[in-house]
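In what follows, a structure is listed as structure tokens, so that the remarks can point back to it.
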Amino acid sequence: MLPNVYLMAAAVLAGAAGSAYVVTVVDRQEPAVASVVRVVDGETVEVREGDRVTAVRLVNVDAPAADECLYDESRKRLSELLPEGTQVAIAREGQLVGLSTRDGLVNARLIADGLAVPTVNGTRFLEQVKAADNAAAEGHKGLHSPEVPCTLPGQVKAITEAAAAVEAQPLKASKTELTVAADTAKTAITLVDQLGKPGGLTWDAVAPVDQTMLLAKVTKAVPTLYRKEAELRNVVKGLK
């Protein structure tokens, strides 16, 4: 069997007039079978094929890097999907791979949990991982969740909740309460500044139309945060 991803067979058919035609038949190579040695990160796995151990990278998967939101969770989840010794079918697409177990395509399952996002570095599994990403977004999972502080929805939720909290803070309160409220506004303003530099996986996980909606909420909250922090600081200064 040829080692290429596709097996190419050519047949030459002679016509009645002596002309020739080349017909190319393309056939996908059967997936190789391997066993998992260990998970390196959310998109890289070491597998054993025969006596050889190699690191393979998942096609169509962009998982958090070590300094990004949900890195540990992504790596842990992939380790749960691929425990040491798990038998996997490897479908190669260039230098990248799709890994499948009896439960399905691992690439798509990780994305369905919101712990990675699709990337267009292959076509064979692209529609499958896109569908998984849509399901994760609809279910507000992982990188799509407003309950996770480091995600884009989570940061926007923190900002808007802070604005609501400081707006509701009575000015007739203890110095400690007023200081805490002012600090809450300041922390939220810092988050706003960070959102002023978009990029990275937390942004990639959110559809452009949803990014616009989230940033509109931030824009609405910003004046309240600045106004209330200044107001609260002034009241604190006037207290003994």
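Each residue of the sequence shown is one higher than the one before, counting from 306 in this note's numbering. All residues carry an ideal CB built from backbone N, CA and C; glycine is no exception.
- By the Cβ rule, the region 362–381 counts as touching the region 411–422, because three or more pairs are nearer than 8 Å.
- DSSP, reduced to helix, strand and coil, places ASP367 within a strand of the structure shown.
- For the region 479–523, the full-length alpha helix (DSSP H) segments reaching 4 residues or more read 480–500 and 506–509 along the chain.
- Here LEU537 really is in contact with ALA487; their C-beta atoms are around 4 Å apart, less than 8 Å.
- By the criterion of at least three beta-carbon pairs nearer than 8 Å, the region 493–510 is in contact with the region 446–458.
- In this structure the region 487–501 touches the region 461–476; the number of beta carbon pairs closer than 8 Å is three or more.
- Here ARG357 carries a strand assignment [DSSP, helix/strand/coil].
- Taking C-alpha positions only, LYS435 is separated from ALA526 by approximately 33 Å.
- Counting of Cβ neighbours within 10 angstroms places VAL425 among the exposed residues, the total staying below 16.
- Leaving aside the five residues that flank VAL422 on each side, the residues in its chain whose CB is nearer than 7 Å to its CB run, in chain order, ASP367, ILE416, ASP438, LEU448, LEU506, ASP509 and ALA510.
- Going by DSSP, GLU398 is part of the beta strand (DSSP E) stretching over 392–398.
- The shortest CA-to-CA distance from LEU431 to any of LEU420, ARG407 and GLY403 is the one to GLY403.
- In the three-state reduction of the DSSP assignment, ARG343 falls in the strand class.
- ALA441 and LEU420 have their alpha carbons spaced roughly 9 Å apart.
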